Amino acid sequence: MDNHDYSNYQVKFISETPWKNGFRHEAEFITNPPSPLIFYCWSHEDYENAANKAGLKHFEWRKPMIMESDIERYPPGFWDNHQNNSWEVGFMCQF
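Under numbering that gives the first Met the number 0, the first residue of the sequence shown is numbered 0, with each subsequent residue one higher.
Here is the structure:
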């Protein structure tokens, strides 16, 4: 994740700290009151190795899926950061 500004999507990143060969992120959804969120990220290689170790095949990375109605509801470029620099982990594979 290169850009931690997710205010467009109502998420505020608070901290990023190294954790077990990856990162631990503290964030909060911008609600009233704020809703805390902790999540962990590792490298693409780590996720792929874990999938292979679990016996999953045909691993393919995926960008976040956004409904067409949501794309149309916002100005052009609104979803670019979310799709190109997402904190979500999306992939497909087969068992």
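Where a beta carbon is used, it is the ideal one built from N, C-alpha and C, also for glycine.
Remember, it's a predicted structure, so these values are computed and weren't measured experimentally.
Under 8 angstroms between C-beta atoms of residue i and residue j
i	j	result
R23	I13	no
K56	Q93	yes
E47	M91	no
E27	P33	yes
Y5	G21	no
Backbone CA spacing between residue i and residue j [nearest angstrom]
i	j	result
H81	K52	29 angstroms
D69	A49	33 angstroms
I65	K19	31 angstroms
W86	P75	21 angstroms
Host alpha helix (DSSP H) of residue i (start-end)
i	result
E68	It is worth fixing the name first, because residue 68 is Ser in this sequence and not Glu. E67 to R72 is the extent of the alpha helix (DSSP H) around S68.
Paired residues, beta bridge with residue i - DSSP
i	result
S14	E25
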